[in-house]
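See structure below.
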Amino acid sequence: MVQHTLSLRFSLSLLASSLIATASAVPLTPRSPTCTLPANSTASSIEWTTCPPEASVPDNVQCASFSVPIDWDEPHGAHFNLALVRVPATPSNSSSRLGSLFINPGGPGGSAIELVVALAAGGESIGLGPLLESFDVIGLDPRGVGFSNPVKCDMGIWAERVSLFPETQEEFEQLVEHNRRLGESCLNMTGPLLAHVDTISAAKDHEAVRIALNDGPLNFVGLSYGTQLGAQYAALFPDNIRTLLLDSMLQHSQSEAANILTESTSYQLVLTDFFAWAATNETSVLHGRDVEALWRELLANATQTPIPAPTCNGTTCRTDVNAEEILFNSQAFLHFKPAIPGLGASWADFASALHNASQGDASALSSSLTDPSAISGLAVECLDWTHNASLTLAGMRAKKAMAEHYAPLTQGASQSWALQHQCLGWPVPVANPPAKLHVKTDAPIVMVNSYADPSTGFPWALGMLEEIDNKVFVSRDGVGHTSFALGGETTQVEIEYLITGRAPRDGLVTRS
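Heads up: the sequence shown is residues -25 to -1, 1 to 487, going by mature numbering (1 follows the signal peptide of the UniProt record, and there is no 0).
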């Protein structure tokens, strides 16, 4: 399997014959869209304690666990524990305290606990101090993610190299069979929870925790895939919201082909911006080079012979990198143009990675073989998305031809492509299939997106304007994925909304 570094989004069987093999149609087991949680299905309160010493968290971080049903449609059946942390407002007795604020980093598979712990240690340095003063900040790891009974799979199967761009019937069958074996290992190692890590169930978990906190209506920040969590929460519990900030929008209602088109063209848009920056910015190691030509040459060379990754030992990351892996793994390098500690790679890092690869060392572009968030994210995606257009090799190749025509520099490589094809053969059915939401809340919802986002393209944000009635849309005239931790005008607009509850002007354009 091509394991990529994105940490952003069925029961199928392989039908073999001597002439053709196709994947079976995607079965659906949709969740109940109930808007009221069953009584007495969870504890009525949460007991916060000092975190264990081995957690190595700042002193102001408190830990807790909270038991919820594995299956919210069987609320009095088997339960498991969610893990969560709290950073109390400072000072805790301040009259300015506004309640609790949940933050979800997206992925899917991203740990809210890890994000909130990082904010406790350094949130003030990136301008988020007012939130830490006003709210108890809550990091709740979604079910199957991080410290909340994480999905477990056979990492040996995960590490196998199988193409997501099969060109022959044999390669297509290998992909589906690989996915089936991986999914069966996840089911055996994780148990029944694997069939219940969908986003609707996660939204209900958040509501159960909100009720147990007894701290008023929800304040929520959803980043990237966290915007889907926030939007689905709003559809389920529209009357229980004070503020809901959705930063870098996902739209969970488009066709499979439309999602690939939106994401791969958005990726290409930012990639071409990067080419221009890397060629002209003096801090770039590629200054003065034709960076697009270098990109094309790298892909051509890696198609013929994978490029060595000498700092990888084959256990934590792959020892060489092929063209397909360069395409998938480069997307995340475009998320953050500046270097901001803790956020991930910058454009300068990406320039160095491409330069080194051109010199025969593609270590920075190698696929991680041990990232638990990738496994958790895959399990969520396989319950949240269908892949009917990829049930045959012909359907898959038609999507590939579309992507190569509209986005020749990225060729369809994207998180959308990965999830549609890594879930072929998955052993549990889709629980939360794509559907248009009809969100009607009294509290205004604030949506934020940059014009040039390499992962959650601007068209998805525009599409969500049709699905949320009471909303305010803020556009950031810039590049990159999410705005919450970047500082500047956009971050200040978001903070003011969360603290005051007053939404900014609809249609505001910021230039952070």
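For glycine and all other residues, C-beta sits at the position ideal for the given N, C-alpha and C.
According to DSSP, simplified to helix, strand and coil, what is ARG217? Taking the sequence shown and counting its residues from 1, the one referred to as residue 217 is at position 242. Residue state, collapsed to three classes: strand.
Backbone secondary structure at MET224 - three-state DSSP: Sequence index remark: in the sequence shown, residue 224 carries index 249 (1-based). The answer is coil: DSSP assigns MET224 none of H, G, I, E or B.
Is there a Cβ from chain C that is less than 8 Å from the Cβ of SER333? Note that chain C does not occur in the displayed structure, where there is just one protein chain.
Buried or exposed: GLU142, going by 16 or more other Cβ atoms within 10 Å of its Cβ? Taking the sequence shown and counting its residues from 1, the one referred to as residue 142 is at position 167. Exposed, since its Cβ has fewer than 16 Cβ neighbours within 10 Å.
For ALA388, which option in LYS446, ILE301 and ASP173 has the closest C-alpha, if you only look at C-alpha atoms? Taking the first residue of the sequence shown as position 1, residue 388 is located at position 413. With distances taken between Cα atoms, ALA388 lies closest to ILE301.
Have a look at SER341 and PHE325 and give me their C-alpha separation to the nearest angstrom. Residue mapping note: residue 341 aligns to position 366 of the sequence shown, counting from 1. Residue mapping note: residue 325 aligns to position 350 of the sequence shown, counting from 1. Taking the straight line from one Cα to the other gives about 13 Å.
DSSP state of GLN395 mapped onto helix, strand, coil: Translated into positions along the sequence shown, residue 395 becomes position 420. The answer is helix: DSSP assigns GLN395 an H, G or I state.
In the DSSP assignment, what residue or residues form a beta bridge with ALA427? Position 452 of the sequence shown, counting from 1, holds the residue named residue 427. Per DSSP, VAL454.
Delimiting residues of the beta strand (DSSP E) encompassing VAL62: Residue mapping note: residue 62 aligns to position 87 of the sequence shown, counting from 1. First-last of the beta strand (DSSP E) with VAL62: 54 to 62.
Give the straight-line distance between the Cα atoms of GLU257 and ASP265, rounded to the nearest whole angstrom. Counting from 1 along the sequence shown, the entry for residue 257 is found at position 282. Counting from 1 along the sequence shown, the entry for residue 265 is found at position 290. So the two alpha carbons sit approximately 14 Å from each other.
Residue burial classification, SER19 (beta-carbon count within 10 angstroms, cutoff 16): Start at 1 with the first residue of the sequence shown, and residue 19 comes out as number 44. Exposed.
Measuring alpha carbon to alpha carbon, tell me which of PHE140, PHE55, ILE88 and PRO13 ends up nearest SER367. For this step, residue 367 is matched to residue 392 along the sequence shown. It should be noted that the sequence gives Thr, not Ser, for residue 367. Comparing Cα positions, the closest option is PHE140.
Alpha carbon of GLY98 to alpha carbon of GLN467, nearest angstrom: Within the sequence shown, numbered from 1, the residue matching residue 98 stands at position 123. Within the sequence shown, numbered from 1, the residue matching residue 467 stands at position 492. Answer to the nearest angstrom: the Cα atoms are 14 Å apart.
Measuring CB to CB, does GLY84 end up less than 8 Å from ALA349? Numbered from its first residue, the sequence shown carries residue 84 at position 109. Numbered from its first residue, the sequence shown carries residue 349 at position 374. Going by C-beta atoms, GLY84 is nearer than 8 Å to ALA349.
For SER86, count the other beta carbons within 10 Å of its own beta carbon; 16 or more makes it buried, fewer makes it exposed. Which is it? As a working mapping, residue 86 is identified with position 111 in the sequence shown. Its Cβ being crowded by 16 or more others within 10 Å, SER86 is buried.
I'd like the ranges of any alpha helix (DSSP H) spanning at least 4 consecutive residues and lying wholly in the region 279 to 357. 298 to 305 and 322 to 333
Straight-line CA distance for SER42 to LEU193? As a working mapping, residue 42 is identified with position 67 in the sequence shown. As a working mapping, residue 193 is identified with position 218 in the sequence shown. C-alpha separation (whole angstroms): 20 Å.
Range of the contiguous alpha helix (DSSP H) that encloses ILE88: Within the sequence shown, residue 88 is the residue found at index 113, counting from 1. It spans 87 to 97 - the alpha helix (DSSP H) in which ILE88 sits, taken as one unbroken run.
Do GLY400 and ASP154 come within 8 Å of each other at the CB atom, strictly closer than that value? In the sequence shown, counting from the first residue as 1, residue 154 sits at position 179. In the sequence shown, counting from the first residue as 1, residue 400 sits at position 425. This sequence places Asn at residue 154; Asp is not what is there. Contact flag set, yes.
Short of 6 Å in beta carbon distance, which residues of its chain neighbour TRP47, apart from the five on each side in sequence? Order them along the chain. On the sequence shown, position 72 is the one that residue 47 refers to. Sequence-distant Cβ neighbours of TRP47 in its own chain, meaning closer than 6 Å and more than five residues away, are SER176 and LYS179.
Return helix, strand or coil for LYS375, following the three-state DSSP convention. Residue numbering aside, residue 375 sits at position 400 when the sequence shown is read from its first letter. If DSSP states are grouped into helix, strand and coil, LYS375 belongs with the helices.
Contacting residues, own chain, Cβ-Cβ under 8 Å from ASP248 (five flanking each side not counted): For the purposes of this step, residue 248 is taken as the residue at position 273 of the sequence shown. Excluding residues within five positions, the ones whose Cβ falls inside 8 Å are ALA427 and VAL454.
Could you tell me whether the Cβ atoms of SER75 and ILE45 are closer together than 8 Å? Along the sequence shown, one-based indexing puts residue 75 at 100. Along the sequence shown, one-based indexing puts residue 45 at 70. Cβ distance not < 8 Å, so SER75 and ILE45 don't count as in contact.
Tell whether a beta-carbon distance below 8 Å holds between ILE78 and LEU90. Counted from its first residue, the sequence shown places residue 78 at position 103. Counted from its first residue, the sequence shown places residue 90 at position 115. Closer than 8 Å, so yes.
Decide if GLY335 is buried, meaning its Cβ has at least 16 other Cβ atoms within 10 Å, or exposed. One-based indexing of the sequence shown puts residue 335 at position 360. Exposed: under 16 other Cβ atoms inside 10 Å.
If GLU464 sits next to SER487, beta carbons under 8 Å apart, how far is it from one beta carbon to the other, in whole angstroms? By 1-based counting over the sequence shown, the position of residue 464 is 489. By 1-based counting over the sequence shown, the position of residue 487 is 512. Rounded, the Cβ-Cβ distance is 5 Å, consistent with contact.
According to DSSP, simplified to helix, strand and coil, what is PRO105? On the sequence shown, position 130 is the one that residue 105 refers to. If DSSP states are grouped into helix, strand and coil, PRO105 belongs with the helices.
Can ALA209 and ILE420 be called in contact, C-beta distance under 8 Å? Taking the sequence shown and counting its residues from 1, one reaches residue 209 at position 234. Taking the sequence shown and counting its residues from 1, one reaches residue 420 at position 445. Yes, these two residues count as a Cβ contact at 8 Å.
With a 10 Å radius around its C-beta and 16 neighbouring C-beta atoms as the bar for buried, classify TYR472 as buried or exposed. As a working mapping, residue 472 is identified with position 497 in the sequence shown. Classification for TYR472: buried.
Per DSSP, MET164 forms a beta bridge with which residues? Here residue 164 refers to the residue found at position 189 of the sequence shown. Answer is none; MET164 lacks a bridge partner.
By Cβ distance below 6 Å, which residues in the same chain neighbour GLY438 in space, the five residues on each side in sequence not counted? Counting from 1 along the sequence shown, the entry for residue 438 is found at position 463. Closer than 6 Å at the Cβ level, and outside the excluded window around GLY438, lie GLN226.
Let me make sure I understand the geometry here. Which of ALA134, GLU441, ARG451 and TRP23 has the alpha-carbon closest to that of SER425? Stepping through the sequence shown from its first residue, residue 425 is reached at position 450. Minimum Cα distance to SER425 is reached at ARG451.
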